[in-house]
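Below: one structure, written as C-alpha cells.
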Amino acid sequence: MQITYSIIDCKKTRIELKKKISVLFPIFICVSESLEYEESMNSVLKYSPHIVFLNVDDSISGSNESPFSFINELYNYQKSIPSFIALSVTKNHAYTAIKNNFLDYIVKPISEFELRKALLRFQTNQPFNSPRLCLKSYKDYRFIDTDELLFLKADNNSTDFFLNDGRKISAFKTLKNFEELLPENFVRIHNSYIINVNYVSRINFGKSKCSIKSDHSIPFSRSYKENVELLKDSLSQSSVLSLN
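Numbering follows our numbering, with no gaps: position 41 of the sequence shown is 41.
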C-alpha cells in the first residue's frame, strides 16, 4: 500500500526531501508541496496525506500565525488529521512540537538516518495490513486479500475481479459499491474500471490506456483523467530513475 505525504517548506527543502524519500522508501508518495498557506491547506484537505512535513521556523506564506496554527485549523475540518513531522534549523520549537503531538522533529540539514527513523516510526505506529474482501455469489462466499487484485471491471449490476494468479471472480454488487470499500491504492480511471496502482506498468496518454502487469490493457476516460494524471505523478516521483 502506498503511503502519501505533503511538504510545507521552501523549494530547496522540498526537492531534497523528495529525493531522499524516493530512494529510502519508494512506497511513500508526495501528493502536494507548497509554502503558501491557503494552497497547503487546500491540498491537505483534498488529498488527506498520511504525513505532512512542516517547516516550523517561520509562519507559512499568506498567514501571520505560527505554523502550529495550521494544525489547529485542520481540526475544524477533519476528525483525524495527518501525522506531522517538524522541519527546523534549530531545536527551539521541539517542545511546542511535542505538545502538538508531532510524530517527529528533524533538524536541518536533513540526514538520511533521522529521516529513516521518522518514517520507520510512522510505519511501526500505523501498520498497514491488506484489507480482505468478502465476495458473495448466491450461497458461495469468497475471501480475497486486496493485494491480490489487479483490477475490477463493471458488468451491468455485477463486478468482475481480476486476480494476479489469473482467476476472475464475479460479485453481485456494483463497481461503485466496491469503490467505497477499497484501500487508497485502488484508483478509478473509467466508469467501468478500478485499478490497483501497485500493478501499473505503463500509462499511454496517446491511446488513453493503462497497462497492468500480466498483460492487461485498461482504458481510461476523460472524466477520470485527473486521477490518471495524479497516478502518473505519484509513480514518477517513486521511480529511482526517470529518462526523458
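Built from N, CA and C at the ideal position, the CB exists for glycine as well.
With distance defined between alpha-carbon atoms, name the residue in P82, A97, T159, T174 nearest to S88. A97
From R121 to L103, what distance separates their C-alpha atoms? 8 Å
Local conformation of T174 per DSSP, three classes: coil
Cβ shell of Y105 (< 6 Å), same chain only, five flanking positions each side left out: A86, A94, A97
Pairing CB atoms from the segment 227-236 with CB atoms from the segment 191-204, are three or more of them under 8 Å? yes
Spatial neighbours of S217 within its chain, please: CB distance less than 7 Å, with the 5 preceding and 5 following residues excluded, ordered by chain position. K209, S211
Taking S201 as the reference, which of F84, S111, Y224, L150 has the closest Cα? L150
Which whole-angstrom value is the C-beta distance of Y5 and F28, which I expect to be below 8 Å? 6 Å
Along the alpha helix (DSSP H) that carries F258, what are the first and last residues, could you check? Look at the range of the chain in this structure, 1 to 244, and you will see that residue 258 is not part of it.
Check whether S32 and S43 have beta carbons under 8 Å apart: yes
Report back the beta-carbon spacing between N100 and I71 to the nearest angstrom; my notes put them in contact at under 8 Å. 6 Å
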